[in-house]
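So the sequence shown is numbered by the working numbering: it starts at 263 and just counts up by one. Working notes, structure below.
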Amino acid sequence: MILLRVGGFDSVSRIKCFDREDDKSSQLILAGVTIAAASFAGRYFLRNRALLRKAVEALPTDAFSKYYRGGFEAKMSRREAAMILGVPPTAKPNRIKEAHKRIMIANHPDRGKIVKF
């Protein structure tokens, strides 16, 4: 129910969005459009999967890494250590310990990771 105020007079108006019959038919139309869109998208991916695979392989893997992989300074600064850990330089000690633990677990040799020195 929507209250309308027109020219100083209050009037009550009921607005129906859908009747029950219209609601079922609109749901069927929406389902049909969704199925058609999914089938067109599936056909596109099946036809172009070789091109899509090449495009994904061409993406640089280092760009998606959340860890710092830059060159190191002679003496490690607080800023550089924070970049390696993925925390801000002003991070609290608890957050630094959590980030260090996360990196150590991710790069542990028993998990099959190759350690680069």
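By construction, the Cβ of each residue, glycine as well, lies at the ideal position given by its N, Cα and C atoms.
{"Query": "CB-CB under 8 Å to F381, same chain, minus the five flanking residues each way: which ones, in chain order?", "Result": "It is not possible to answer for residue 381, since the shown part of the chain is limited to 263 through 379."}
{"Query": "Using the three-state DSSP reduction, which class does E360 fall into: helix, strand or coil?", "Result": "helix"}
{"Query": "Kindly indicate which three-state DSSP category K286 falls into: helix, strand or coil?", "Result": "helix"}
{"Query": "Quick one: Cα of L314 to Cα of N356, how far?", "Result": "42 Å"}
{"Query": "Using three-state DSSP, classify F334 as helix, strand or coil.", "Result": "coil"}
{"Query": "Ends of the alpha helix (DSSP H) at A343?", "Result": "R340 to L347"}
{"Query": "Can you list, in chain order, the residues of its chain whose CB lies under 7 Å from that of V349, leaving out five sequence neighbours each side?", "Result": "R357, I358 and A361"}
{"Query": "Mapping the DSSP letters down to three states, classify P350 as helix, strand or coil.", "Result": "coil"}
{"Query": "Quick check on the burial criterion: 16 or more other C-beta atoms within 10 angstroms. Buried or exposed for L321?", "Result": "exposed"}
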